[in-house]
Every structure is written in structure tokens, then in C-alpha cells.
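When we follow the numbering used here, the leftmost residue of the sequence shown carries the number 1390, and every step to the right adds one.
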Amino acid sequence: LVCSAVFPRPAGAETPTPQIIGGGVVNAATVPWTVALLQAGVADAGVSIHNLALGGYTTYHALPAGARPITGRPGPAAGHNLDRALALGARALLVAFPSNDSALGYNATETVANLLAIRAHAQQHGLAVLVLSTQPRALAAALRARLVEIDARLAPVLGACFVAVHAALAAADGRLAPHYDAGDGVH
């Protein structure tokens, strides 16, 4: 599927139901306007959005239940993972894991592998998938570099289905730009 398959919806076609899975950036509890803004932008098209994101979640939480368990990593989170999005009748998926994996010390290879696994599984079920880039965060320099590395690996693979927002949100040092920072260096 190509990303443009999400919108517009052809006349008479079934109403798409995008799902959002991710960490805190799209968690309605931490930034309630995010989902409201998305919903307002598509309401006239008959689209409803279900936000399955929870603050602190990682790419491991979003994997489908059948994912192979990894020692020392969380397992899929029933009710907030890809399986839940599919159960809700998702037609499109917005995947946003801005920085939790890196903040917890997960390497770029595992984060990229998880994001690509989520995308592949969703596409096997007919979903259009958009993946948002990482986002800047107040982390040690090596971890900030890891965020950039993740994006550099994903962008060529995902092409137009990769939404690069990192640079637009970053200060010169790779942290979240002060005018976007709510005071915690993350949100």
C-alpha cells in the first residue's frame, strides 16, 4: 500500500478508521490536543481515530502478540498494540515512537526492526501505515545521535510513508527546541 491510499476516501468506500500506536507524543493524557487536532482534520471525511498510545511505551509494546519474546524487553501490550488496532477495524495506522526506546538504552537496530515488523504485519492485514520519525529529547549526546541514526535507517526504507519531524523540532544541540519544550525536555 502507498501512504496516499489513506486519504481521500473514494465516494461510497468504507469509512477508514486510522489507529495510532506509540509512546507519549500521541498519548491523549500528555498532549490531548494532538488527537483532537487529527480528528478535527478528518472528521468531515467520516474518519474516526482511535488513540492506542500510552506514555512510556516502547516499540516492543506495540508488536503483535505473536512476536518472539526478548529477554529483558517488555512484551506486547494487549489493548494498546497492533492486535488491538486490527480488532478495532483499522484501515490505516500512524506509528509514533519518538524516543522511549533510545531513552531506555535500546539500540537502533532493535528499534528499527520493531518498527519495520509493526509496519509489515499491518500491511499484511491491508493497512496503510505512516511512521513518524523520532523526536528530539534531552538525552546524552550518544542517545541523541541514536535518534538520528534510527531516522536515517528508516527514511530510505519507508520512503513517502516516513514523516520526518525530528529536524523541525530540534535545537542546534539535538535536544527539543525550547519553544516546543513544555519544560521536561521531552514533551
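The beta-carbon is built from N, C-alpha and C at its ideal position, and this holds for glycine as well.
So is residue i buried or exposed if we call it buried at 16+ other beta carbons inside 10 Å?
{"i": "alanine 1541", "result": "exposed"}
{"i": "threonine 1498", "result": "exposed"}
{"i": "aspartate 1490", "result": "buried"}
{"i": "alanine 1531", "result": "exposed"}
{"i": "arginine 1535", "result": "buried"}
{"i": "alanine 1434", "result": "exposed"}
{"i": "histidine 1514", "result": "exposed"}
Which same chain residues end up closer than 7 Å to residue i when comparing Cβ atoms and leaving out the 5 residues on each side of it in sequence?
{"i": "glycine 1574", "result": "Arg1526, Ala1527, Arg1564 and Leu1565"}
{"i": "histidine 1350", "result": "One cannot answer for residue 1350 here, as it falls past the ends of the chain, which runs 1390 to 1576."}
{"i": "alanine 1466", "result": "Tyr1446 and His1450"}
Could you pull out every residue in the same chain whose Cβ sits closer than 8 Å to the Cβ of residue i, ignoring the five residues on either side in sequence?
{"i": "glycine 1567", "result": "Here residue 1567 is proline; the residue named in the question, glycine, does not match the sequence. Same-chain partners within the cutoff: Ala1560."}
{"i": "tyrosine 1569", "result": "Leu1558"}
{"i": "leucine 1493", "result": "Thr1447"}
Quick one, which of the options has its alpha-carbon nearest residue i's?
{"i": "leucine 1519", "options": "Phe1551, Leu1441, Arg1535 and Ala1531", "result": "Phe1551"}
{"i": "serine 1437", "options": "Gly1494, Ala1474, Gln1513 and His1576", "result": "Ala1474"}
{"i": "isoleucine 1539", "options": "Ala1517, Leu1516, Ala1502 and Arg1508", "result": "Ala1502"}
{"i": "threonine 1500", "options": "Val1537, Leu1443, Gly1430 and Ala1549", "result": "Val1537"}
{"i": "leucine 1504", "options": "Val1484, Gln1512 and Leu1516", "result": "Val1484"}
{"i": "histidine 1576", "options": "Gln1428, Gly1444, Ala1432 and Ala1429", "result": "Gly1444"}
{"i": "alanine 1556", "options": "Ala1529, Ala1549, Gln1524 and Ala1571", "result": "Gln1524"}
Sorted by chain position, which residues of the same chain lie with C-beta nearer than 6 Å to residue i's C-beta, five sequence neighbours on each side aside?
{"i": "alanine 1544", "result": "Phe1551"}
{"i": "arginine 1508", "result": "Val1518"}
{"i": "leucine 1547", "result": "Val1520"}
{"i": "histidine 1469", "result": "Leu1441 and Leu1443"}
Point to revise | Inside the segment 1456-1527 only - beta strand (DSSP E) runs reaching at least 3 residues | key: 1481-1485 and 1517-1521
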